[in-house]
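The sequence shown runs 1 to 277 under the UniProt record's numbering. Structure record follows, encoded as C-alpha cells.
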Amino acid sequence: MEIRHPMHPGHGKVLDTEGLRREFLVQNLFVPGSLKMVYSHIDRIVICGIMPFNESLELKTDRGVFGVDYFLERRELGVINVGGPGTIRIDGTDYSLDCKDGLYAGMGSREISFSSRDSADPAKFYCLSGTAHKRYDTQAVPRGKARELHLGSDENCNRRVIRQLIHPAVLPSCQLVMGYTELAKGNVWNTMPAHTHERRMEVYFYFELDPDQAVFHLMGEPRETRHILVRNEEAVISPSWSIHSGVGTGNYTFIWGMVGENQTFDDMDGASMDDMA
C-alpha cells in the first residue's frame with residue numbers, strides 16, 4: 001500500500017513537474033493478477049486498481065494502517081469496471097459487472113473478492129473508498145440505471161454525458177459520490193469553466209485514451225494553475241483547494257469520485273476565466 005499525505009496550497013504552488021506528479025498522480029493501477037491500493041490522507045480516501053487474472057483477488061485490510069479487523073468495518077466502497085466482464089463476491093453474493101457497470105458496497109461488508117470471467121479479457125475494477133458512519137445496502141448499478149446529464153456543446157469542444165452511478169438520486173451512501181463522464185468525439189474539454197469545492201475533494205481517473213494520446217489535467221488554486229500530463233488509466237488526486245479541469249489530445253472518458261462534507265453534485269465554487277491565471 002502506498003500512503004500519500006495532505007498538502008497546503010502554498011506548498012503545492014512551488015512544486016516542480018516531478019513534485020506535482022509524485023504527490024498527486026497515481027500510475028500503474030492495473031497489474032495482471034494484482035491489487036494496488038493508494039491511501040490518501042486527503043479526506044482519507046482510498047484508491048484501488050484491481051485486475052484479477054487466473055485467480056480471484058481478495059480485498060483485505062492492513063490493521064497497522066486502518067486500525068480495523070476488515071476493510072469495510074468503518075468504510076464504504078464504490079467500484080466501476082473499466083475492463084472485461086467480471087464478478088465481485090461480497091459475503092457470499094455474486095455481482096456481475098460488465099464494462100462501465102458500477103457497484104456500491106456498504107459499511108460492514110466483510111468478505112470481498114474480485115474475479116475475471118475470462119483471463120483473455122480481464123476485468124479492471126477501479127475502486128474508491130471513503131469513511132462511513134452508517135450501513136447502506138450493497139447493490140450493483142448497471143450503466144443503464146445511472147442518472148444521465150447531457151452537457152456542453154460542440155462549439156465549446158465540451159459536449160459530454162455524465163453518468164452518476166453512486167449518487168443520492170440513484171442510491172443512498174454515507175459520503176461517497178461516484179460516476180463517469182464520456183466526451184463525444186471531437187470534444188476535448190472537461191469541467192471548464194473550472195471550479196473548486198472547498199467542502200469536498202475529488203479523484204479523476206482517465207481512461208479510453210489511445211497510447212499516443214494524453215490529457216493535460218489542470219490543477220492548483222485559480223490564480224496559481226499548474227498541469228499534470230496524464231496517460232491512459234492514470235488518476236489524479238485533487239484536494240479541495242484545487243481546480244480540476246482538463247483538455248485532451250482527443251476525446252476520452254474519466255471517472256470522478258468525491259468525498260467530504262456533502263453529496264451535492266452542484267455545490268461548486270466557480271472560477272471564471274477572469275479569476276484564472
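Idealized CB from N, CA, C, for every residue including glycine. What you are looking at is a predicted structure, and each value in this text was computed from that prediction instead of being measured.
- Item | G86 - containing beta strand (DSSP E), residue span | 86-90
- Message: Using C-beta distances below 7 Å, list every residue in its chain close to D91, excluding the 5 sequence neighbours before and after it, in chain order.
- Response: S109, R110, E111
- Item | Sequence-distant residues of the same chain with beta carbon closer than 8 Å to E198, five excluded per side | S240, W241, D269
- Message: Taking contact to mean 3 or more Cβ pairs, one atom from each stretch, closer than 8 Å, check whether the segment 135-146 and the segment 114-126 are in contact.
- Response: Counting Cβ pairs under 8 Å, fewer than three are found: no touch.
- Query: Can you find at least 3 beta carbon pairs, one from the segment 190-208 and one from the segment 95-103, that sit closer than 8 Å?
  - Reply: no
- Query: Based on the DSSP output, what are the partners of F216 in its beta bridges?
  - Reply: L229, V247
- Roughly how many angstroms lie between the CA atoms of G250 and V68, to the nearest whole one? 43 Å
- Can you name, in chain order, every residue of its own chain whose Cβ lies under 6 Å from the Cβ of N158, other than the five neighbours on each side? G152, N187, W189
- Taking just the CA atoms, how far does F216 sit from L229? Spanning the alpha carbons of L229 and F216 requires a straight line of approximately 5 Å.
- What do you get for H244, buried or exposed, if any count of 16 or more other CB atoms within 10 angstroms of its CB means buried? buried
- Task: Go to G106, then tell me how far its beta strand (DSSP E) extends in each direction, as first and last residue.
- Result: Premise fails: G106 is in no beta strand (DSSP E) and is neither H nor E.
- Query: Going by DSSP, what residues sit across from Y252 in a beta bridge?
  - Reply: For Y252, which the question treats as bridged, DSSP gives no partner whatsoever.
- Kindly indicate the opening and closing residues of the beta strand (DSSP E) around L35. 34-40
- Item | For S119: DSSP bridge partner residues | DSSP output for S119 lists no bridge partner at all.
- In the DSSP assignment, what are the bridge partners of D269? Under DSSP, the beta-bridge partners assigned to D269 are T196.
- For residue 288, which of helix, strand or coil comes out of DSSP? Nothing can be reported for residue 288, as the shown portion of the chain is limited to 1 through 277.
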